[in-house]
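*Asks:*
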């Protein structure tokens, strides 16, 4: 009876409006939440691009690095360990005009230079994934990429042997140009790509974009893939990878020279033996998405760094990459427990706590504002139900006269609200999902600028949707409470006489 | 069997300090099982209040009602709905069917409230419908799957009766069941109620004395006091009987062929007393069909309508 009456208590048209009201709220929340998660993932990726999941400082450590590395390898969570020699300080940097050796553009900057074993990170391979590439292939490919770094215009040293090709490649306006990988696919006539193919395809695409003979580039790629070490390609010794913004401020292009004057500014670095003036080669430019800015984060091979500092290859930090970066906090706790007080461990989540707290605040704020749509709809629902109580007073009285109890009447109204809430949620979820699908097809430069990704993904968490359902139902039931109570208190004698 | 014992019921007066309005005053009567009784009275006489008390929709200030020995006063208020559902059926002046539901759904509502599943409720609803609808209505017109707004007034009221009967109640309360119907449909519905007498005890409140007269017992309710009324057949007394029964001493007609004299003492609408001064030949009393009135006639000339209640008051 309750279901029967609940289904008929309000006219279908009004019910549809009420459902749509809730659905719009749910749809907005679903879409915005998905976009927000895209943003958050982009931010996390950007953060993870330049900072490790877990960082162990070896300065003043009570345990040797070998012991720590050995200990780390016992943890199943660990995916990769990288010995890093990091220097921080202030320097004056000059971008030198390519091939001319003349002074270019100067910049005084605080810098962080990480000397690391490049082969472990493989960041010189541009991260490029297309929808034609299967998830398994992506995983293989991803494993070769330093998380979050989106290096581009990486110089392939062999190009130097063909200055004409190299110049074409480096000066090609790659920004904003779109090439479908399927075009390339046709060229090589192969459907199933392996890791190497994907890298080749990407390179080939670049070559097409830069009007460079890709067959020539393939040979280079083979070397890169086999050796997996950028240092092997270095022709002049000190290749560095620099941030896009930093490169921009120096007007430096790949293969261009950069001069660092470490002691030009008073407090220099924490390494007293560092040469006063050092020439580097711009070995590649990487992007950090919206986290990029123009900070001077520099990557160089560990050997070159040690050579630069005049020390033997000795790391002062260990970068640890985990299989699950989000378990970094718990993992660092484990390390602290293992080597109590002997090492200093930091994780990317704790280091960026302020960022995540702000994100959480922002997310809560946005979702709270959006949930107002649902709240407003609930007022509409309450108003409609109040109207129904007055309009259907006689029907309620009849129901009571034939034996319906006050809880029965309450249930009818609650069931109706449940229907509205549930269908509003379901419809909103479908609408939100479709909007998310639509968002994945949006293309443009601004997408990568905002979200740090070339393509948006759909982020709908079933748990969050369950919470949303709970919220919607709670709000709807609350909206129904007072009208339902009023209906349940209807005096049948009065109602029958209306 | 229904026993009504010393029922009193008052409502607050209209003013802040006004005395309570006594609607029912020491009501006592009983109804035998499977009897069909009618309660007749003017508007505001307390008929509906009495019906509400019988239907457990309201509680008396004092006194008690027993339905087959079960005291209403001993039922907890929370038990009222269930008791109503199982033992009491209601038929209202307006059918009070829900337009959003089909006739079948309307009829099955009490059983759905009782907790029966839809299939069982529908089955019983069809049984109940068989009692009130013709085969033609059920089969050819498929009335049960119609919405109430698409069927006639009489069919709506019969649907309402089927809804009241579906739980096989011990007491069926009908509040002006023919009040909103035209003459033919009214008779049709009333006949149906008469047929249902074998199944349940029926209490009908009505303004229609003709119909009331056809029930087993007729009660008049006047200013909160109930009394059993004689059937109209009994009321048609000879003038001599009238004269002796009601002590009408001055029964001489001064102008047999002329106008009938009816004198009102007090206001004409609510006379304190009416003096009828006619000869035996000129005296006739009957009820105008559909109106609760006594028509006093001189030969064939209608002279004045007098309300039966007023006549009874006068006669008392």
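Chains as they are written, first to last, in our numbering: chain A, 4 to 501; chain B, 913 to 1228.
Just so you know, even glycine gets a beta-carbon here, dropped at the ideal spot from N, CA and C.
With a CB to CB cut of under 7 Å and the five nearest residues on each side skipped, what residues in its chain are close to residue 1081 (chain B)?
*Replies:* Here residue 1081 (chain B) refers to the residue found at position 169 when the second chain is read from its first residue. Taken in chain order, the residues that qualify are 999, 1000, 1001, 1112.
*Asks:* Measure the CB-CB distance between residue 1 (chain A) and residue 118 (chain A) and report whether it falls below 8 Å.
*Replies:* Outside the displayed span of chain A (4 to 501) sits residue 1 (chain A), for which this structure offers no information.
*Asks:* Taking the continuous beta strand (DSSP E) assigned at residue 95 (chain A), which residues delimit it?
*Replies:* Along the first chain, read from residue 1 onward, the residue named residue 95 (chain A) stands at position 92. Residues 81–99.
*Asks:* Return the Cβ separation of residue 321 (chain A) and residue 84 (chain A) in integer angstroms, given the expectation that the two are a contact with Cβ distance under 8 Å.
*Replies:* For the purposes of this step, residue 321 (chain A) is taken as the residue at position 318 of the first chain. For the purposes of this step, residue 84 (chain A) is taken as the residue at position 81 of the first chain. Rounded, the Cβ-Cβ distance is 6 Å, consistent with contact.
*Asks:* Check whether the Cβ of residue 337 (chain A) lies closer than 8 Å to any Cβ atom in chain B.
*Replies:* Residue 337 (chain A) sits at position 334 when you count from the first residue of the first chain. No, because no Cβ of chain B sits closer than 8 Å to the Cβ of residue 337 (chain A).
*Asks:* For residue 45 (chain A), list the residues DSSP reports as bridge partners.
*Replies:* Reading the first chain from its first residue, position 42 is the one you call residue 45 (chain A). Answer is none; residue 45 (chain A) lacks a bridge partner.
*Asks:* Name, going along the chain, the residues of the region 968–998 of chain B whose beta-carbon falls closer than 7 Å to a beta-carbon of chain E.
*Replies:* Considering every chain present, this structure includes no chain E. Its protein chains are A and B.
*Asks:* Could you list the residues in the region 1001–1012 of chain B with a C-beta less than 7 Å from some C-beta on chain A, going in chain order?
*Replies:* Listed by position, the residues of the region 1001–1012 of chain B near chain A (Cβ gap below 7 Å) are 1002, 1004, 1008, 1010, 1012.
*Asks:* Return yes when the Cβ of residue 1123 (chain B) is within less than 8 Å of the Cβ of residue 1079 (chain B), no when it is not.
*Replies:* Residue mapping note: residue 1079 (chain B) aligns to position 167 of the second chain, counting from 1. Residue mapping note: residue 1123 (chain B) aligns to position 211 of the second chain, counting from 1. Cβ atoms of residue 1079 (chain B) and residue 1123 (chain B): not closer than 8 Å.
*Asks:* Within the continuous beta strand (DSSP E) that includes residue 950 (chain B), where are the two ends?
*Replies:* Counting from 1 along the second chain, the entry for residue 950 (chain B) is found at position 38. Taken as a continuous stretch (DSSP letters only), the beta strand (DSSP E) holding residue 950 (chain B) covers 948–953.
*Asks:* Could you check which residue in A:110, A:489, A:390, A:79 has the C-alpha nearest to that of residue 249 (chain A)?
*Replies:* Mapped onto the first chain, residue 249 (chain A) falls at position 246. Of the candidates A:110, A:489, A:390, A:79, the one whose C-alpha sits nearest the C-alpha of residue 249 (chain A) is A:110.
*Asks:* Can you find a C-beta in chain B that's less than 8 Å from the C-beta of residue 392 (chain A)?
*Replies:* The residue labelled residue 392 (chain A) in the question sits at position 389 within the first chain. No, its Cβ sits nowhere closer than 8 Å to a Cβ of chain B.
*Asks:* For residue 1014 (chain B) and residue 1057 (chain B), I'd like the C-alpha separation in whole angstroms.
*Replies:* Along the second chain, read from residue 1 onward, the residue named residue 1014 (chain B) stands at position 102. Along the second chain, read from residue 1 onward, the residue named residue 1057 (chain B) stands at position 145. Those two C-alpha atoms are separated by around 5 Å.
*Asks:* Anything in chain A within Cβ reach of residue 964 (chain B), meaning under 7 Å, just list it in chain order.
*Replies:* By 1-based counting over the second chain, the position of residue 964 (chain B) is 52. What residue 964 (chain B) touches in chain A: 496.
*Asks:* Would you mind reading off the limits of the beta strand (DSSP E) that contains residue 242 (chain A)?
*Replies:* Start at 1 with the first residue of the first chain, and residue 242 (chain A) comes out as number 239. Where residue 242 (chain A) is concerned, the enclosing beta strand (DSSP E) stretches over 242–246.
*Asks:* Under 8 Å: do the region 1025–1043 of chain B and the region 418–427 of chain A share three or more Cβ pairs, one atom per stretch?
*Replies:* Counting Cβ pairs under 8 Å, fewer than three are found: no touch.
*Asks:* Assuming residue 449 (chain A) and residue 56 (chain A) form a contact by the criterion Cβ under 8 Å, report the distance between their Cβ atoms to the nearest whole angstrom.
*Replies:* Numbered from 1 along the first chain, position 446 holds the residue referred to as residue 449 (chain A). Numbered from 1 along the first chain, position 53 holds the residue referred to as residue 56 (chain A). The Cβ separation is near 29 Å, so there is no contact.
*Asks:* Within 10 angstroms of its Cβ, does residue 892 (chain B) collect 16 or more other Cβ (buried), or is it exposed?
*Replies:* The displayed coordinates of chain B run from 913 to 1228. Any statement about residue 892 (chain B) would go beyond what the structure contains.
*Asks:* Does the distance from the C-beta atom of residue 1034 (chain B) to that of residue 1020 (chain B) stay below 8 Å?
*Replies:* One-based indexing of the second chain puts residue 1034 (chain B) at position 122. One-based indexing of the second chain puts residue 1020 (chain B) at position 108. Yes, the Cβ-Cβ distance between residue 1034 (chain B) and residue 1020 (chain B) is below 8 Å.
*Asks:* With C-beta atoms as the reference, is residue 917 (chain B) less than 8 Å away from residue 937 (chain B)?
*Replies:* Working through the second chain from its first residue, we reach residue 917 (chain B) at position 5. Working through the second chain from its first residue, we reach residue 937 (chain B) at position 25. No, Cβ-Cβ distance for residue 917 (chain B) and residue 937 (chain B) is not below 8 Å.
*Asks:* Name the chain A residues that come within less than 8 Å of residue 1025 (chain B), Cβ to Cβ?
*Replies:* Counting from one through the second chain, the residue named residue 1025 (chain B) turns up at place 113. Ordered by position in chain A, the residues that pass the 8 Å Cβ test against residue 1025 (chain B) are 4, 402, 405, 406, 407, 411.
*Asks:* Between the C-alpha atoms of residue 1029 (chain B) and residue 1138 (chain B), what's the straight-line distance to the nearest angstrom?
*Replies:* Position 117 of the second chain, counted from the first residue, corresponds to residue 1029 (chain B). Position 226 of the second chain, counted from the first residue, corresponds to residue 1138 (chain B). Near 43 Å, if we compare the C-alpha coordinates of residue 1138 (chain B) and residue 1029 (chain B).
*Asks:* Whose Cβ in chain B lies nearer than 9 Å to the Cβ of residue 397 (chain A)?
*Replies:* As a first step, residue 397 (chain A) is located in the first chain; it is residue number 394 there, counting from the start. The contacting residues are 1006, 1008.
*Asks:* Since residue 1130 (chain B) and residue 1086 (chain B) are thought to touch, with beta carbons under 8 Å apart, how far apart are those beta carbons, to the nearest angstrom?
*Replies:* By one-based count along the second chain, residue 1130 (chain B) stands at place 218. By one-based count along the second chain, residue 1086 (chain B) stands at place 174. Residue 1130 (chain B) to residue 1086 (chain B), Cβ: 14 Å. No contact.
*Asks:* Does DSSP put residue 351 (chain A) in a helix, a strand or coil?
*Replies:* Here residue 351 (chain A) is taken as the residue at index 348 of the first chain, counted from 1. Residue state, collapsed to three classes: helix.
*Asks:* What is the DSSP secondary structure of residue 1079 (chain B), counted as helix, strand or coil?
*Replies:* Locating residue 1079 (chain B) in the second chain gives position 167, counting from the first residue. Correct three-state label for residue 1079 (chain B): coil.
*Asks:* Within the same chain, show all residues whose beta-carbon is closer than 7 Å to that of residue 992 (chain B), passing over the 5 residues directly before and after it, in chain order.
*Replies:* In the second chain, residue 992 (chain B) corresponds to position 80, counting from 1. Around residue 992 (chain B): 968.
*Asks:* If we define contact as Cβ-Cβ less than 8 Å, is residue 926 (chain B) a contact residue for chain A?
*Replies:* Working through the second chain from its first residue, we reach residue 926 (chain B) at position 14. Residue 926 (chain B) does not count as touching chain A.
*Asks:* Would you decide whether residue 79 (chain A) is buried or exposed? Buried here means 16 or more other CB atoms lie within 10 Å of its CB.
*Replies:* Mapped onto the first chain, residue 79 (chain A) falls at position 76. Exposed: under 16 other Cβ atoms inside 10 Å.
*Asks:* Quick check: is the beta carbon of residue 936 (chain B) nearer than 8 Å to any beta carbon in chain A?
*Replies:* One-based indexing of the second chain puts residue 936 (chain B) at position 24. Taking Cβ atoms only, chain A never reaches closer than 8 Å to residue 936 (chain B), which makes this a no.
*Asks:* Measuring alpha carbon to alpha carbon, tell me which residue in B:1032, B:1053, B:914, B:1094 is nearest residue 948 (chain B).
*Replies:* Position 36 of the second chain, counting from 1, holds the residue named residue 948 (chain B). Considering only alpha carbons, the answer is B:914.
*Asks:* Would residue 1105 (chain B) count as contacting chain A if we go by Cβ distances under 8 Å?
*Replies:* Sequence index remark: in the second chain, residue 1105 (chain B) carries index 193 (1-based). No, no contact with chain A.
*Asks:* Residues in its own chain within less than 6 Å of residue 266 (chain A) by CB, not counting five upstream and five downstream?
*Replies:* Taking the first chain and counting its residues from 1, the one referred to as residue 266 (chain A) is at position 263. Correct list, in chain order: 279.
*Asks:* Measuring alpha carbon to alpha carbon, tell me which residue in A:445, A:431, A:401, A:446 is nearest residue 495 (chain A).
*Replies:* Along the first chain, one-based indexing puts residue 495 (chain A) at 492. When each option's Cα is compared against that of residue 495 (chain A), the closest is A:401.
*Asks:* Three-state secondary structure (DSSP) at residue 1095 (chain B)?
*Replies:* In the second chain, residue 1095 (chain B) corresponds to position 183, counting from 1. Residue state, collapsed to three classes: helix.
*Asks:* Check the Cβ-Cβ distances between residue 1093 (chain B) and every residue of chain A, and say whether any is below 8 Å.
*Replies:* Working through the second chain from its first residue, we reach residue 1093 (chain B) at position 181. By this cut-off, residue 1093 (chain B) is not an interface position.
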